[in-house]
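Structure record follows, encoded as structure tokens.
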Amino acid sequence: AITARHLSAGSAAAADRHHHQHQHQHQQQLSHDPAARLPLPPQYLRDADLTNYDASTHQRTDASYDGHSGRPIVSSSDASAANNPYYKVKSWRQVNDAKSSDIEVTWADGATTTYPKGWVDQQAKLYADGHGIPSTPDTSCEVSSSVRRVLWSNITEEDVRGLDSGMAITFGDLVGADTASDGSDGEGMSRAIAALYKHGLLLVTGTPLHDGGTGLAALAAAVSGGDVKSSPNASLLARYRQQGGGNAVSGSADPITILPDGTDGPLRTLYGSVWSTHSSAMAEGASVADSAYSNDGLPLHTDMTYMRDPPGLQIFAMAQPAPKGGESIFGDGFAVAERLRSEHPDAFDTLCSTTRRYRSICTETGWHLEGRGPVISAIDRGHGLPPASRWGEVTAIRHNDLDRLPDLPPLAANGSPMDEAESDEFYAKLRYAHQKWDTLLGSDEFRLVLQLKPGDTVVVTNQRCFHG
Numbered sequence: 024a025i026t027a028r029h030l031s032a033g034s035a036a037a038a039d040r041h042h043h044q045h046q047h048q049h050q051q052q053l054s055h056d057p058a059a060r061l062p063l064p065p066q067y068l069r070d071a072d073l074t075n076y077d078a079s080t081h082q083r084t085d086a087s088y089d090g091h092s093g094r095p096i097v098s099s100s101d102a103s104a105a106n107n108p109y110y111k112v113k114s115w116r117q118v119n120d121a122k123s124s125d126i127e128v129t130w131a132d133g134a135t136t137t138y139p140k141g142w143v144d145q146q147a148k149l150y151a152d153g154h155g156i157p158s159t160p161d162t163s164c165e166v167s168s169s170v171r172r173v174l175w176s177n178i179t180e181e182d183v184r185g186l187d188s189g190m191a192i193t194f195g196d197l198v199g200a201d202t203a204s205d206g207s208d209g210e211g212m213s214r215a216i217a218a219l220y221k222h223g224l225l226l227v228t229g230t231p232l233h234d235g236g237t238g239l240a241a242l243a244a245a246v247s248g249g250d251v252k253s254s255p256n257a258s259l260l261a262r263y264r265q266q267g268g269g270n271a272v273s274g275s276a277d278p279i280t281i282l283p284d285g286t287d288g289p290l291r292t293l294y295g296s297v298w299s300t301h302s303s304a305m306a307e308g309a310s311v312a313d314s315a316y317s318n319d320g321l322p323l324h325t326d327m328t329y330m331r332d333p334p335g336l337q338i339f340a341m342a343q344p345a346p347k348g349g350e351s352i353f354g355d356g357f358a359v360a361e362r363l364r365s366e367h368p369d370a371f372d373t374l375c376s377t378t379r380r381y382r383s384i385c386t387e388t389g390w391h392l393e394g395r396g397p398v399i400s401a402i403d404r405g406h407g408l409p410p411a412s413r414w415g416e417v418t419a420i421r422h423n424d425l426d427r428l429p430d431l432p433p434l435a436a437n438g439s440p441m442d443e444a445e446s447d448e449f450y451a452k453l454r455y456a457h458q459k460w461d462t463l464l465g466s467d468e469f470r471l472v473l474q475l476k477p478g479d480t481v482v483v484t485n486q487r488c489f490h491g
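So our numbering is basically just the index in the sequence shown, starting at one, shifted up by 23.
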């Protein structure tokens, strides 16, 4: 998932400007009443002071611990802004000049810190909207001001493959380092990552099929930050480019899908790194204990719900289409969740607030994995709020009925098991919520049908988009 983008300015320079403020010529200073409330809590602003962070590692330096033993040093000071001079605001003002607009805060302990007003305004707006994403002034909590998530429904294969869809790219344009075939500057990776953030789905055409998965692994590296690494020993993308798109390495024709010291590319799981849904094509020792190896049509789902943190991206490359049938189905889970919120807020609340448990067992290979989480993860604005106000932005989907374990009601308020009436109400709410959820999942409106061709690859954000 793409959650933050570091600014190009060096952190050391930013920290220096941040902490050692001098009067600039032609400044306009707008003073505020010391009693006037800052747009953000003073504790948050003081802890976000860049002098509290190492300029190279971006880790905090204000954590108190013994440098010899590592034991924490427990402070007896009060954390309230009223009683602790470290967090108490003496005064604050807005400072404008020709180049910038800042918020300058003077603290009761004598320190002065300055924050870019744009960052303060952005943080305050997100916080007020229930979308708070903690950050520091040297980072942006959004990908780009020009990239926004677009929820989709009622789209067709023709729409996706269209030149102006923003949802399709060629393999060469994605992994190539030179000018793209469409005449652009070759920033295929930027376009691909923007598409994944915006739509949650990307169609890549022309993926190599007969290289043992080497090209597919390079594709995985291309959408996981491989472009910032140039060492062929660390990046599958760099190695693929160095080899001119071939799979031979040091005279070997063996496929390269993972590097011993690699920092990008496919995630290794119980199925391997690059794997096949044809059981005879799986590597020895890899698991085939999954409904994907059947000939049945699969319901829309997200993958590996039984992992504590399911994969962020799933990459599906069509090697050989079925002679008949075998269509690939995709759906935007965020769009479904928002429709559920608008039409059935009680069902939305149930799927947000109920933690479910998922499991995968493969007796032949010894795997037993379990993970937990709600079907819909959304920013929780406060437990005591009514359902219509409690849940903010949807952040993730975890849904696979085939891997979901039975549900047990939570304990009653007194700490004992629910009585029969309370238990029945719990299960009735769950059943109602899933009826509404499944009705939407079964609607053609939320089912994108793709007849993938050999070499077509679909990349999906697995914690947003369904596949089946």
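Backbone N, C-alpha and C fix where the C-beta goes; we use that ideal spot for every residue, glycine too.
Who are the near neighbours of residue 170 in its chain, counting only those whose CB is closer than 7 Å to its CB and skipping five residues on each side?
-> Here residue 170 refers to the residue found at position 147 of the sequence shown. Around residue 170: 217, 220, 221.
Determine the DSSP secondary structure at residue 396, reduced to helix, strand or coil.
-> In the sequence shown, the residue the question calls residue 396 occupies position 373. Residue 396 falls in the strand class under three-state DSSP.
Whose C-beta lies closer than 6 Å to the C-beta of residue 2 among residues of the same chain, with five residues either side of it excluded?
-> Summary: the structure shown does not reach residue 2, with the chain confined to residues 24 through 491, and so no result is reported for it.
Buried/exposed call for residue 96, threshold 16 Cβ in 10 Å = Here residue 96 is taken as the residue at index 73 of the sequence shown, counted from 1. Counting Cβ neighbours within 10 Å, residue 96 comes out exposed, since fewer than 16 surround it.
What are the partner residues of residue 490, as DSSP defines its beta bridges?
-> Indexing the sequence shown from 1 puts residue 490 at position 467. DSSP output for residue 490 lists 324, 353 as bridge partner(s).
Whole-angstrom Cβ separation of residue 243 and residue 288, contact assumed at under 8 Å?
-> If you number the sequence shown from 1, residue 243 lands on position 220. If you number the sequence shown from 1, residue 288 lands on position 265. Indeed, because the Cβ distance is near 5 Å, the residues count as touching under 8 Å.
Helix, strand or coil for residue 74, going by three-state DSSP, please let me know.
-> Indexing the sequence shown from 1 puts residue 74 at position 51. In the structure shown, residue 74 adopts helical secondary structure according to DSSP, grouped into three states.
Mapping DSSP to helix, strand and coil, what is residue 485?
-> Reading the sequence shown from its first residue, position 462 is the one you call residue 485. Correct three-state label for residue 485: coil.
Following the continuous alpha helix (DSSP H) through residue 198, name the residue where it begins and the one where it ends.
-> Along the sequence shown, read from residue 1 onward, the residue named residue 198 stands at position 175. Run containing residue 198: 194-198, per the alpha helix (DSSP H) assignment.
Would you mind stating whether residue 389 and residue 402 have Cβ atoms separated by less than 8 Å?
-> Within the sequence shown, the letter at position 366 stands for residue 389. Within the sequence shown, the letter at position 379 stands for residue 402. Not closer than 8 Å, so no.
Going straight from the alpha carbon of residue 60 to that of residue 247, what length do you get?
-> Numbered from its first residue, the sequence shown carries residue 60 at position 37. Numbered from its first residue, the sequence shown carries residue 247 at position 224. Distance from the CA of residue 60 to the CA of residue 247, rounded to the nearest whole angstrom, comes to 41 Å.
Among 400, 398, 399, 381, nearest to residue 392 - alpha-carbon criterion = Reading the sequence shown from its first residue, position 369 is the one you call residue 392. That would be 381, whose Cα lies nearest to the Cα of residue 392.
heavy atom of the ligand COA below 7 Å from residue 161 C-beta = Ligands in the displayed structure: none, and consequently the ligand COA is not present.
Among all the DSSP beta bridges, which residues are the ones paired with residue 115?
-> Your numbering for residue 115 matches position 92 in the sequence shown. According to DSSP, residue 115 bridges with 128.
Going by Cα to Cα distance, which pick from 450, 420, 322 is closest to residue 488?
-> Here residue 488 refers to the residue found at position 465 of the sequence shown. That would be 420, whose Cα lies nearest to the Cα of residue 488.
How would you write the range of the alpha helix (DSSP H) that residue 141 sits in, first residue to last?
-> Here residue 141 corresponds to residue number 118 of the sequence shown, with the count starting at 1. Residue 141 -> alpha helix (DSSP H) spans 140-151.
Residue interval of the alpha helix (DSSP H) (run including residue 381) = What you label residue 381 is simply residue 358 of the sequence shown in a count that begins at 1. Going by DSSP, residue 381 is part of no alpha helix (DSSP H) but of the beta strand (DSSP E) stretching over 379-385.
Could you check the C-alpha separation between residue 326 and residue 477 for me, to the nearest Å?
-> Locating residue 326 in the sequence shown gives position 303, where the first residue counts as 1. Locating residue 477 in the sequence shown gives position 454, where the first residue counts as 1. Distance between the alpha carbons of residue 326 and residue 477 is about 23 Å.
Residue 442, buried or exposed, once every other Cβ within 10 Å from all chains shown has been counted against 16 | Position 419 of the sequence shown, counted from the first residue, corresponds to residue 442. It counts as exposed.
Identity of the residues DSSP links to residue 391 by a beta bridge = Taking the first residue of the sequence shown as position 1, residue 391 is located at position 368. Per DSSP, 384.
For residue 340, which beta-bridge partners are listed by DSSP?
-> Here residue 340 is taken as the residue at index 317 of the sequence shown, counted from 1. In DSSP, residue 340 forms a bridge with 480.
Give a yes or no on whether the C-beta atoms belonging to residue 490 and residue 323 are separated by under 8 Å.
-> Here residue 490 is taken as the residue at index 467 of the sequence shown, counted from 1. Here residue 323 is taken as the residue at index 300 of the sequence shown, counted from 1. Note that the C-beta distance between residue 490 and residue 323 is below 8 Å.
If you draw a straight line from the alpha carbon of residue 500 to that of residue 225, how long is it in whole angstroms?
-> This structure gives no information on residue 500, because the portion of the chain shown stretches from 24 to 491.
Expressed to the nearest angstrom, what Euclidean distance is found between the alpha-carbon atoms of residue 329 and residue 131?
-> By 1-based counting over the sequence shown, the position of residue 329 is 306. By 1-based counting over the sequence shown, the position of residue 131 is 108. If you draw a straight line from the Cα of residue 329 to the Cα of residue 131, it is about 50 Å long.
How many Å lie between residue 66 and residue 103 at the Cα?
-> Position 43 of the sequence shown, counted from the start, is the residue given in the question as residue 66. Position 80 of the sequence shown, counted from the start, is the residue given in the question as residue 103. It is roughly 8 Å from the alpha-carbon of residue 66 to the alpha-carbon of residue 103.
State the DSSP-derived secondary structure class of residue 293, mapped to helix, strand or coil.
-> As a working mapping, residue 293 is identified with position 270 in the sequence shown. Three-state result, residue 293: coil.
For the beta strand (DSSP E) containing residue 420, list its first residue and its last residue.
-> Here residue 420 refers to the residue found at position 397 when the sequence shown is read from its first residue. Counting along the chain, the beta strand (DSSP E) containing residue 420 begins and ends at 414-420.
Taking the alpha helix (DSSP H) that residue 183 falls in, what are its first and last residues?
-> Reading the sequence shown from its first residue, position 160 is the one you call residue 183. 180-184 is the extent of the alpha helix (DSSP H) around residue 183.
Alpha-carbon to alpha-carbon, residue 125 and residue 259 | The count along the sequence shown starts at 1 and reaches residue 259 at position 236. The count along the sequence shown starts at 1 and reaches residue 125 at position 102. Straight through space, the alpha carbons of residue 125 and residue 259 are spaced by roughly 43 Å.
Pull up the CB-CB distance for residue 321 and residue 459, whole angstroms please, since I reckon it's below 8 Å.
-> Taking the first residue of the sequence shown as position 1, residue 321 is located at position 298. Taking the first residue of the sequence shown as position 1, residue 459 is located at position 436. Incorrect: roughly 21 Å between the Cβ atoms, too far for contact.
Could you work out which residue in 439, 438, 68, 417 is closest to residue 152 when comparing CA atoms only?
-> For the purposes of this step, residue 152 is identified with residue 129 of the sequence shown, where counting begins at 1. Cα-wise, what sits closest to residue 152 is 417.
Indicate whether residue 238 and residue 228 have their beta-carbon atoms separated by less than 8 Å.
-> Here residue 238 corresponds to residue number 215 of the sequence shown, with the count starting at 1. Here residue 228 corresponds to residue number 205 of the sequence shown, with the count starting at 1. No; because the gap between Cβ atoms is not below 8 Å, this pair is not in contact.
Write down the C-beta distance between residue 128 and residue 68 rounded to the nearest angstrom, noting that I regard them as a contact closer than 8 Å.
-> The residue you call residue 128 lines up with position 105 of the sequence shown. The residue you call residue 68 lines up with position 45 of the sequence shown. The C-beta separation of residue 128 from residue 68 comes to about 6 Å, placing the pair in contact by the 8 Å criterion.
Whole angstroms is fine: what's the gap from residue 281's alpha carbon to residue 295's?
-> Your numbering for residue 281 matches position 258 in the sequence shown. Your numbering for residue 295 matches position 272 in the sequence shown. Computed Cα separation, rounded: 10 Å.
Residue 456 and residue 370: beta carbons closer than 8 Å?
-> Along the sequence shown, one-based indexing puts residue 456 at 433. Along the sequence shown, one-based indexing puts residue 370 at 347. Their beta carbons are under 8 Å apart, which means residue 456 touches residue 370 by this criterion.
Distance between residue 77 and residue 90 (C-alpha atoms, nearest Å) | Here residue 90 corresponds to residue number 67 of the sequence shown, with the count starting at 1. Here residue 77 corresponds to residue number 54 of the sequence shown, with the count starting at 1. Going by the C-alpha atoms only, they are around 16 Å apart.
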